[in-house]
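Notes follow once the structure below has been shown.
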Amino acid sequence: MRTPTGGAGHGTATAAERLSAGERLMSIGTVLGQLRDEFPEVTISKIRFLEAEGLVEPRRTPSGYRKFTPADVERLAQVLRMQRDHYLPLKVIREHLDALARGEQIQLPAQGAAREPSAEAWGPGAWETPGERRTAARMGRAELLAAAGAGEEQLVEWESYGLIGQHVDGGYDAESVTVARLVLDLGRFGLEPRHLRPMKAAAERDAGLVEQVVAPLRRHRNPQTRAHAEATAKELASLSVRLHAALVQTALGVRIS
């Protein structure tokens, strides 16, 4: 288990202590080989994603290569177990690991239990991040309106612009609540649904790009390969969102300056 560090100096001392104890440093490829015994679906991109999300902090060589300690590998395994066995989002997993590092007890949901959130639970953070499993739960129209705090006329308008829609199997998913709340927030600044059509079009282009990457994997006969396709799609979606946010910030900085 990784213990919190108190700054660069403290981290250096800890590294020296580990090295003096003869601790072996591993490349990301070696780490992947160790984890795949228990997690056959894990990939190097998944490990890098977890690093980007702050779940693990490998050292870097002067040339920039990642080097992992056995404690890093165990931490990654804990993260992957919490995802696989308890369907926890990364934010919650990070909080649990921090609590364990402080010596606190944590309470995990029942192993393998599928989550069926109430209307109040729908919204940002209620579901898993890229790489985590998703339940097939759907909500009705009234539940969506209650969770988002919106009215029927607003929902009709959003649907007319294609911002929200029902699934082919009926009902709305958690992302519909997220979209509804964000549309409401943007409306406070005078942005109407008609102004958001370019965002919808950009999202559909991004989705098409992701689909091009994962489509061959989804057609594979091996179930593990198909599962890897879903994990890859979610990782790519998360990365595209982060890139979009960075590009918007960059564009705003250029215009403001």
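Numbered by full-length UniProt numbering, the letters in the sequence shown go through residues 1 to 257 in order. Beta carbons are placed, not taken as given, at the ideal position from N, Cα and C, and that holds for glycine. What you are looking at is a predicted structure, and each value in this text was computed from that prediction instead of being measured.
Residue closest to residue i, alpha-carbon to alpha-carbon, out of the options
| i | options | result |
| --- | --- | --- |
| Gly170 | Ala180, Arg226 and Leu144 | Leu144 |
| Gln212 | Gly190, Ala237 and Gln224 | Ala237 |
| Tyr65 | Gln78, Ile44, Asp37 and Ile28 | Ile28 |
| Asp206 | Ala229, Arg219, Asp185 and Lys234 | Lys234 |
| Met139 | Ala174, Leu252, Lys46 and Ala229 | Ala174 |
| Pro70 | Leu191, Ala246, Gln34 and Thr61 | Gln34 |
| Ser176 | Gly165, Leu186 and Glu95 | Gly165 |
| Arg60 | Arg219, Leu25 and Ser45 | Leu25 |
| Lys67 | Lys46, Arg141 and Val31 | Val31 |
| Val210 | Leu191, Phe189, Leu186 and Leu239 | Leu239 |
Proximity of residue i and residue j at Cβ, strictly below 9 angstroms
| i | j | result |
| --- | --- | --- |
| Pro109 | Leu90 | no |
| Leu217 | Thr232 | yes |
| Leu55 | Arg36 | no |
| Leu77 | Phe39 | For the record, residue 77 in the displayed sequence is Ala; it is not Leu. Yes; because the gap between Cβ atoms is below 9 angstroms, this pair is in contact. |
| Gln224 | Glu41 | yes |
| Ala147 | Ala101 | no |
| Val214 | Glu230 | yes |
| Thr43 | His228 | yes |
Neighbourhood of residue i by C-beta distance below 6 angstroms, restricted to the same chain and skipping five residues each side
| i | result |
| --- | --- |
| Thr250 | none |
| Ile93 | Val79 and Met82 |
| Glu204 | none |
| Asp72 | Val56 and Pro58 |
| Ala99 | Ile106 |
Residues near residue i by beta carbon distance below 8 angstroms, same chain, minus five either side
| i | result |
| --- | --- |
| Tyr161 | Pro193, Arg194, Leu196, Arg197 and Lys200 |
| Gly151 | Leu145 |
Min CB distance residue i to chain B below 9 angstroms
| i | result |
| --- | --- |
| Arg59 | Of the chains in the structure shown, none is chain B; there is only one protein chain. |
Proximal residues to residue i (C-beta, below 7 angstroms), its chain only, five neighbours per side dropped
| i | result |
| --- | --- |
| Val183 | Trp158, Leu163, Pro193 and Leu196 |
| Glu53 | Leu90 |
| Ile47 | Ile28, Val31, Leu32 and Leu76 |
| residue 292 | Any property of residue 292 remains undetermined from this structure, which presents the chain solely from 1 to 257. |
Could you name each continuous alpha helix (DSSP H) segment of 4 residues or more that falls completely within the segment 141–207, going from the start of the chain to the end?
-> 141–148, 152–160 and 174–187
Segments of 3+ residues assigned as beta strand (DSSP E) that fall wholly inside the segment 43–89 | none
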